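Trainee: This is the structure I have questions about; it appears just below.
Protein chains: 2
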Amino acid sequence: MSVLYPKVVFIGLGLIASSMALAMRAANLCEVIVGHARSKETRDVALEIGLVDAVFADPIAAVQDADLVVLALPVGAMGEMAALIGPHLKAGTTVTDVGSVKVAVILAVQPHLPVNVHFIPGHPIAGTEFSGPRSGFARLFQGRWWLLTPHPEVDTQAFARLCELCRKMGAKVDQMDAAHHDLVLAVTSHTPHLIAYTMVGVADDLGRVTDSEVIQYSAAGFRDFTRIASSDPTMWRDVFLNNKEATLEILGRFTDELAQLQNAIRLGDGAHLHAYFTRTRAIRRNIIDAGQDTSAANFGRDAKETTTKS
Amino acid sequence: MSVLYPKVVFIGLGLIASSMALAMRAANLCEVIVGHARSKETRDVALEIGLVDAVFADPIAAVQDADLVVLALPVGAMGEMAALIGPHLKAGTTVTDVGSVKVAVILAVQPHLPVNVHFIPGHPIAGTEFSGPRSGFARLFQGRWWLLTPHPEVDTQAFARLCELCRKMGAKVDQMDAAHHDLVLAVTSHTPHLIAYTMVGVADDLGRVTDSEVIQYSAAGFRDFTRIASSDPTMWRDVFLNNKEATLEILGRFTDELAQLQNAIRLGDGAHLHAYFTRTRAIRRNIIDAGQDTSAANFGRDAKETTTKS
């Protein structure tokens, strides 16, 4: 049998937890799935659509006899939850999380877990702009990376089992130092999100350009920003508060570089602009070649397009 | 018959011109299409794939007997081209352009055209990250806006005919003051593009985070920026140089607002961040309701997703 963890417990039942539950069931990776969420509505939905076999309002009741506990909460809520459930975990249990920040989560969670529990922090690089238990789908992790940032002295068997779980859900697994993870993600995710939120906020502020114009003519680039900026506010607040240093460092570089481009526009320095825009174009090609995005125009969003490509 | 312009001439044969040619042929809106492009390769491709019935290396030869001339060039090249072809246009010809900036184009083009020629500036809010004659497709304008910024004393018949052409290519037509157009587009398009270029440039610069990591883990938000930042460098250089004031104004607001969010992160002001991110989320919903984007997760790029939505 391919069962890796007889009893899996999700603490938090949002997009990632619900997708994991569906992927685990699809591949028969566990026998029983139970869940806890703070909101009664979320618990009811999760039970109703069959994500979990049982739900518990009390996280301590949920983690009884767990073989794997998945902390799928906003990053800022992980420490308190670990303190609550830590004393009630059986020896040998694996605990993982799916937070977008790793150093802060490790510092918040690790001290509360017994030494005979294996804590292996993780981060699946997958998601959509939707949240909640209904937003999950089993294929979310297909071909995506799942980064694990274990302690150097992690139990090798426990680590190997979690890697296998991630792979069987369709992901590719990579191991990384937690601090390095936080810097990489500040570049590929956290700073882009903050910038998108800001641009959408500016558009919203602008009295002279009415909302309806901004919305009607959004196809020119802005709509891509609005997708990013429609992600879960609590999750993102916690990301920025908990990856402060790396985000501020990348933001600093961003504002420096933007100031240079602003200056080039002001001075009419076309050569500088052209050289800059040419360099960035190549990166897109690399992302498509690496299988991390579609080469279809506009992400393939206009599915009925026919092209003249020959 | 629905022929609106017997002879149509495209000056420039990139994404927009090739899509227009295909859309016009599909709806039988013209009898003959000819084209000019500076590059021999572009001309050869356009002829080979049947976009045009004839190509000319000399733009003056191309515009002979034209009923409609479409300037589909980078914004910075329009004035010189108008000076060249202006004296060779027959009375009653309509000239339009498809530039992303309107005031600068009007100032550059209008003085070179004879008074008996109807110049009606235009801007289809449609495109992809691809360029060149092979990137066009007939459905590009379907459901998209085509903004026209005519002079108040425009010939009403000529204007009505151009509106009909745009509608028959699938677009919705709106009329707007040129300066207002440039401000709206600075918000919905020009500033977002500059920001995306900058973010991708920063990622490229960052020695400590290797290129391959940025690319591998790009699914977390960054890949959307790279799509925008892979657009045509010459076109975008000209946009910024020719919509300088509006772009710099919006950029100024953007950097102010970003500084406030940076400060909130620095000070750990979670309430400010959460309120900001909640506000921007609503705008996405409006864009989807307005039919300007798909509600499918991740733009529907993972087409084989199945969801648990009930």
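Residue numbers (numbering that gives the first Met the number 0), protein chains in the order written: chain L, 0 to 309; chain Y, 0 to 309.
In this text, a Cβ means the ideal position worked out from N, Cα and C, and glycines have one as well.
Nothing here was measured: the structure is a model prediction, and the numbers come from that model.
#1: Using a Cβ-Cβ cutoff of less than 7 Å, which residues in the same chain neighbour Ala53 of chain L once the five nearest sequence positions on both sides are dropped?
#2: Hey, does Met198 of chain L have any beta-carbon neighbour from chain Y nearer than 9 Å?
#3: Is Gly135 of chain Y buried or exposed, if buried means 16 or more other CB atoms sit within 10 Å of its CB?
#4: May I ask you to list, following chain order, the residues of the region 230-257 of chain Y that have a beta carbon less than 7 Å from some beta carbon of chain L?
#5: Helix, strand or coil for Lys167 of chain Y, going by three-state DSSP, please let me know.
#6: Which residues of the region 9-27 of chain Y have a Cβ closer than 8 Å to any Cβ of chain L? Give them in chain order.
#7: What number of angstroms, rounded off, separates the C-alpha of Val62 of chain Y from the C-alpha of Met80 of chain Y?
#8: If you draw a straight line from the C-alpha of His117 of chain L to the C-alpha of Thr93 of chain L, how long is it?
#9: Taking DSSP as the reference, what is the three-state secondary structure of Tyr216 of chain Y?
#10: In this structure, does DSSP put Phe298 of chain L in helix, strand or coil?
#11: Helix, strand or coil, according to DSSP, for Leu12 of chain L in the structure here?
#12: Our contact map puts Glu128 of chain L next to Ser217 of chain L with C-beta atoms below 8 Å; I'd like the distance itself, whole angstroms only.
#13: For Leu50 of chain Y, which three-state DSSP category applies?
#14: Among L:Leu12, L:Pro73, L:Thr197 and L:Leu272, which residue has its Cα nearest to the Cα of Leu50 of chain L?
#15: Provide the residue(s) that pair with Leu161 of chain Y in DSSP beta bridges, ordered along the chain.
#16: How about Ile15 of chain Y and Ala125 of chain Y: do their beta carbons lie closer than 9 Å?
#17: How should Thr277 of chain L be labelled, buried or exposed, when 16 other C-beta atoms within 10 angstroms of its C-beta is the threshold for buried?
#18: Answer yes if the region 69-77 of chain Y comes into contact with the region 150-170 of chain Y, meaning at least three C-beta pairs across the two stretches below 8 Å, and no otherwise.
#19: Tell me, please, whether the CB atom of Ser38 of chain L is closer than 9 Å to any CB atom in chain Y?
#20: Would Phe118 of chain L pass as an interface residue toward chain Y - the criterion being a Cβ-Cβ separation below 9 Å?
#21: When the Cα atoms are used, what is the spatial distance from Arg284 of chain Y to Ala90 of chain L?
#22: Assuming Met184 of chain L and Ser99 of chain L form a contact by the criterion Cβ under 8 Å, report the distance between their Cβ atoms to the nearest whole angstrom.
#23: Could you pull out every residue in the same chain whose Cβ sits closer than 8 Å to the Cβ of Pro120 of chain L, ignoring the five residues on either side in sequence?
#24: Using DSSP with H/G/I as helix, E/B as strand and the rest coil, what is Phe88 of chain L?
#25: Please report the distance separating the alpha-carbon of Thr307 of chain Y from that of Leu28 of chain Y.
#26: Can you name, in chain order, every residue of its own chain whose Cβ lies under 8 Å from the Cβ of Val2 of chain L, other than the five neighbours on each side?
#27: Near Ala65 of chain L, which residues of its chain fall below 6 Å by C-beta distance, leaving aside the five closest residues on each side in sequence?
#28: Residues in the same chain with beta-carbon distance under 7 Å from Leu46 of chain L, minus the five sequence neighbours each way, listed in chain order, please.
#29: Taking Cβ positions only, does Ala336 of chain L come closer than 9 Å to chain Y?
#30: Do Leu139 of chain Y and Pro123 of chain Y have their beta-carbon atoms positioned less than 9 Å apart in this structure?
#31: Using a C-beta cutoff of 9 Å, does Val213 of chain L count as contacting chain Y?
#32: Going along chain Y, which residues have a C-beta under 8 Å from Phe129 of chain L?
#33: Does the CB of Asp223 of chain L have a neighbour CB from chain Y at under 9 Å?
#34: Excluding the 5 residues preceding and the 5 following Lys167 of chain L in the sequence, name in chain order all residues of the same chain whose CB lies nearer than 6 Å to its CB.
#35: Helix, strand or coil for Asp64 of chain Y? Go by DSSP, reduced to three states.
#36: Find out if the Cβ-Cβ distance for the pair Gly142 of chain L, Gly251 of chain L is shorter than 9 Å.
Mentor: Quick answer:
#1: If we look at Ala53 of chain L and ignore the five residues flanking it on each side, its Cβ neighbours are Val33.
#2: By this cut-off, Met198 of chain L is an interface position.
#3: Under this definition Gly135 of chain Y is a buried residue.
#4: Of all residues in the region 230-257 of chain Y, the ones placed with a Cβ closer than 7 Å to any Cβ belonging to chain L are Pro232, Thr233, Trp235, Arg236, Phe239, Leu240, Lys243, Thr246, Leu247, Ile249, Leu250, Arg252, Phe253, Thr254, Glu256 and Leu257, in chain order.
#5: Residue state, collapsed to three classes: helix.
#6: Taking 8 Å as the Cβ-Cβ cut-off against chain L, the residues of the region 9-27 of chain Y that qualify are Ser17 and Leu21.
#7: Distance between the alpha carbons of Val62 of chain Y and Met80 of chain Y is about 11 Å.
#8: Cα atoms of His117 of chain L and Thr93 of chain L: separation of roughly 5 Å, rounded to the nearest angstrom.
#9: Tyr216 of chain Y falls in the coil class under three-state DSSP.
#10: Of the three classes helix, strand and coil, the one that applies to Phe298 of chain L here is helix, per DSSP.
#11: DSSP places Leu12 of chain L in the coil class of the three-state scheme, outside both helix and strand.
#12: By a beta-carbon distance limit of 8 Å, Glu128 of chain L does not contact Ser217 of chain L. Their separation comes to about 15 Å.
#13: Three-state DSSP puts Leu50 of chain Y in coil, outside helix and strand.
#14: Among L:Leu12, L:Pro73, L:Thr197 and L:Leu272, the Cα nearest to that of Leu50 of chain L is on L:Leu12.
#15: Paired residue(s): none; Leu161 of chain Y is not in a bridge.
#16: Remark: C-beta atoms of Ile15 of chain Y and Ala125 of chain Y approach each other more closely than 9 Å.
#17: The residue in question, Thr277 of chain L, is exposed, as its Cβ has fewer than 16 Cβ neighbours within 10 Å.
#18: No, they do not touch.
#19: Not closer than 9 Å to any Cβ of chain Y, the Cβ of Ser38 of chain L fails to qualify, so no.
#20: No, no contact with chain Y.
#21: One C-alpha to the other measures close to 47 Å.
#22: Strictly speaking, residue 184 of chain L in this sequence is Leu, with Met absent from that position. For a cut-off of 8 Å, the C-beta gap from Leu184 of chain L to Ser99 of chain L is around 6 Å, short enough to register as a contact.
#23: Shown here for Pro120 of chain L: same chain residues with a beta carbon closer than 8 Å to its own, the five before and five after excluded, namely Thr95, Asp96, Gly98, Lys101, Val104, Ile105, Val108, Leu147, Thr148, Pro149 and Ala177 in chain order.
#24: Strictly speaking, residue 88 of chain L in this sequence is Leu, with Phe absent from that position. Coil.
#25: Legend: pLDDT at Thr307 of chain Y = 32, less than 50; position of this residue unreliable, no value from coordinates given.
#26: Spatial neighbours of Val2 of chain L in its own chain (CB-CB distance under 8 Å, excluding positions within 5 residues in sequence) are listed in chain order as Asn27, Leu28, Cys29 and Glu30.
#27: So the qualifying residues of the chain are Lys6, Val8 and Thr92.
#28: The beta carbon of Leu46 of chain L is closer than 7 Å to those of Val54 in its chain, skipping five residues each way along the sequence.
#29: Residue 336 of chain L cannot be examined here, being either before or after the span of chain L that is shown, 0 to 309.
#30: In contact: Pro123 of chain Y and Leu139 of chain Y (Cβ atoms closer than 9 Å).
#31: With 9 Å as the cut-off, Val213 of chain L counts as an interface residue toward chain Y.
#32: Here the neighbours are Ala296.
#33: Answer yes: the Cβ-Cβ gap between Asp223 of chain L and chain Y drops below 9 Å somewhere.
#34: The beta carbon of Lys167 of chain L sits closer than 6 Å to those of Ala26 and Leu28, all from its chain and outside the five residues before and after it, given in chain order.
#35: For Asp64 of chain Y, the three-state secondary structure derived from DSSP is coil.
#36: Contact flag unset, no.
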